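Using my numbering, read the sequence shown as starting at 64 and increasing by one per residue. Virtual Cβ for every residue (Gly too), placed ideally from N, Cα, C. Predicted model only: the values in this text are computed from it and were never measured. Everything on this sheet refers to the single structure shown next.
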Amino acid sequence: MLDKLPASPQGPALLYADNTWKSVEVDTIVLGSQHELVISQNGNILERRDLTAHALDTTVAVRVFNPDPLTPFGYSYGGSYVDMNDGNSSILDSLTILDSITVNTTAGGAILENQYLKVVDFDSPYIAPSSNPTQWMASRSDDAFEQVMVVYHITLWNQYLDSLGYDSVLNYAIHVDPQALNGQDQSMFNFGYTPPRLYFGEGGVDDAEDADVIIHELSHAISHGAAPNTNSGTERRTFDEAFGDYFAERYGRRLGITSTRVFDWDGNNTFWNGRSISYDGSKNYNTIFFSNIYQHTDLMSSAMLEFSSAAGVQPAVADQIILEAVHMLMPNQGLRKIAQNILFADSLITGGSYQSQIQQSFGAPKNILNQSDVKEIAESNWCQLLYTEDGWLLKPLISSEVSVSLFNIAGQLLLTTTTTEPLLIDDNQVFTIMIRLASGEVKIFKVP
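Take a look at the structure:
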């Protein structure tokens, strides 16, 4: 004879716990950011389930150097203004600022993460990211100080890029380890992971204590996002370093701080020399030899900075023009070709309003651009690429027929055609456009 099955428990819901089914009541609590599922039996709470799996954000107070402890006050490294092996001092504390940042929250509280970055401990020395907001107001000797520095400065620079209309260049939250590389005095960008990573070393002055280093390394990510897999060749790589130096200095200038060098706290001291961003008055692109990628960064960074600060130039528009030129980067490009791209980007963004300032900044005596380059660029601008609500409009500027080839990001040919009329490009797969004249002359650029 079969045993009878036990009677089914009655109730609005069933919960299997302690090897038995229980009849339970289920309620939800929604109070501000609190959202819980509460399971109870006979008035006794059996279980609470947090339903806030999505990220919320909150604004928290932080202490940071902005951009470093020296340049805002006109100080140089030495005397009382030294690293002291990451030690604390009342003098260095007095050179910080108090501000706030927006970060994500989870059930456990605030975390050093937002839409732009996430602090992650992925490299030695293994120091867990702080999840205690009271630490984020601590002195520089606290490990949380460098972690807060990267969140603060990367967030502000990304917000600036957003305001320029380049919010899609870094369309991911980059992972950042502010205490990495096993104590080396080195930092780097690594695109070999998904998402890419930034590493900041702790040798000498901790690299993440200097916004110049933070923005410089972030600029490698910006360049990679705008022109993926193009950073090869000595001059092309030189430009990437110069571009990082340029943005590092522009970050300071937006705060009202001007310097002639970058890495004012991390470098320019007993640990290493930092790098110049001022033209030395003698380097000539036509005669210099590139033995490494750092040797002549000052030639290009100084030219970009002279352009952005030239009379009649809006610095933010100069940043847009240079960012647009970065989208046109190709492997093994020389500095002259990149400067010509800046001229071309100016023609796209301002209609060529800044060509004379670009020529003055990149021309003699630096000679990155030849005196004739403005004329040559104007004559070789066979078309304009204009953005419309229907897509990109390729507009020929000459009367003769041009051949147009469209390629995707993998280099596969999508379309070849000839035209003398404007051509609407509404295929979002298009990445590279090649235009060829009947004479065989070719122009290649990328869809921004």
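Quick check on the burial criterion: 16 or more other C-beta atoms within 10 angstroms. Buried or exposed for residue i?
| i | result |
| --- | --- |
| GLY375 | exposed |
| LEU469 | buried |
| SER286 | buried |
| GLU387 | buried |
| LYS458 | exposed |
| ILE507 | exposed |
| GLN210 | buried |
| ASN82 | exposed |
| PHE352 | exposed |
| PRO241 | buried |
| GLU369 | buried |
| HIS117 | At HIS117 the pLDDT is 49, less than 50, meaning the model places this residue with poor confidence; the figure from the coordinates comes in the next sentence. Classification of HIS117: exposed, given that the 10 Å Cβ count is below 16. |
| GLY503 | exposed |
| ILE405 | buried |
| ASN331 | buried |
| ASP327 | buried |
Please list, in chain order, all residues of the same chain as residue i whose beta carbon is under 7 angstroms from its beta carbon, the five residues on each side excluded.
| i | result |
| --- | --- |
| LEU65 | Confidence at LEU65 is low in this model, with a pLDDT of 41, below 50, so its placement is unreliable and the value that follows should be read with caution. Taken in chain order, the list of residues that qualify is empty. |
| ILE160 | VAL127, ASN129 |
| GLN492 | ASN471, LEU477 |
| ILE278 | HIS216, TRP220, PHE310, ALA311, TYR314 |
| ALA207 | SER193, GLN198, TRP199, ALA201 |
| GLY172 | SER194 |
Is it true that the CB of residue j sits closer than 8 angstroms to the CB of residue i?
| i | j | result |
| --- | --- | --- |
| VAL467 | THR482 | yes |
| ARG324 | ARG338 | yes |
| GLY264 | ASP248 | yes |
| ILE431 | ASP409 | no |
| ASP184 | PRO196 | no |
| SER194 | ASP149 | no |
| ALA366 | PHE306 | no |
| PRO291 | ASN245 | no |
| GLY289 | VAL213 | Checking the sequence shown, residue 289 turns out to be Ala, not Gly. Against a cut-off of 8 angstroms, the Cβ pair of VAL213 and ALA289 comes out as no contact. |
| GLY267 | ASP146 | yes |
| TYR262 | MET251 | yes |
| VAL276 | ASP329 | yes |
| GLN423 | ALA373 | yes |
| LEU60 | ASN167 | Any question about residue 60 goes unanswered here, given that the chain covers just 64 to 511. |
Return the chain-ordered list of same chain residues with a C-beta closer than 6 angstroms to the C-beta of residue i, the five sequence neighbours on each side being excluded.
| i | result |
| --- | --- |
| THR122 | SER163, THR165 |
| THR293 | LEU392, MET393, PRO394 |
| VAL239 | LEU180, VAL182, VAL213, LEU261 |
| MET497 | SER468, ILE507 |
| ASN151 | SER202, SER204 |
| GLN447 | LYS458 |
| GLU454 | Per the sequence shown, the amino acid found at residue 454 is Gly instead of Glu. So the qualifying residues of the chain are LEU487, ILE488, ASP489. |
Can you name, in chain order, every residue of its own chain whose Cβ lies under 8 angstroms from the Cβ of residue i, other than the five neighbours on each side?
| i | result |
| --- | --- |
| ALA274 | PHE128, ASN129, PRO130, ASP131, MET212, HIS216, ALA311, TYR314, GLY315 |
| VAL389 | ILE285, SER286, ALA289, ALA290, PHE306 |
| THR218 | ILE164, THR165, ASN177, TYR179, LEU180 |
Would residue i pass as an interface residue toward chain C - the criterion being a Cβ-Cβ separation below 8 angstroms?
| i | result |
| --- | --- |
| GLU176 | Considering every chain present, this structure includes no chain C. It has just one protein chain. |
Along the chain, which unbroken stretches of the beta strand (DSSP E) at least 3 residues long are found entirely within the region 468-492? 476-482, 486-488
Please confirm if the region 389-396 is in contact with the region 340-348, defined as three or more CB-CB distances below 8 angstroms between the two stretches. no
Is there contact here, the region 296-306 with the region 214-224, by at least three beta-carbon pairs under 8 angstroms? no
Can you list the alpha helix (DSSP H) stretches of 4 or more residues lying completely in the region 192-277, in chain order? 206-227
Could you tell me whether the region 255-263 touches the region 356-365, using the rule of 3 or more Cβ pairs below 8 angstroms? Too few Cβ pairs lie closer than 8 angstroms, so no.
So, does the region 305-319 touch the region 278-286, judging by three or more C-beta pairs under 8 angstroms? Verdict: yes, contact present.
Any contact between the region 134-142 and the region 177-195? By contact I mean 3 or more CB pairs, one from each, below 8 angstroms. With a cut-off of 8 angstroms, the region 177-195 and the region 134-142 do not count as touching, because too few Cβ pairs lie within range.
At 4 residues or longer, and completely inside the region 115-201: list those alpha helix (DSSP H) runs for me, N to C. Whole alpha helix (DSSP H) segments, 4+ residues: 153-156.
Could I get the ranges of all uninterrupted beta strand (DSSP E) runs contained in the region 316-358, with 3 residues as the minimum, in chain order? none
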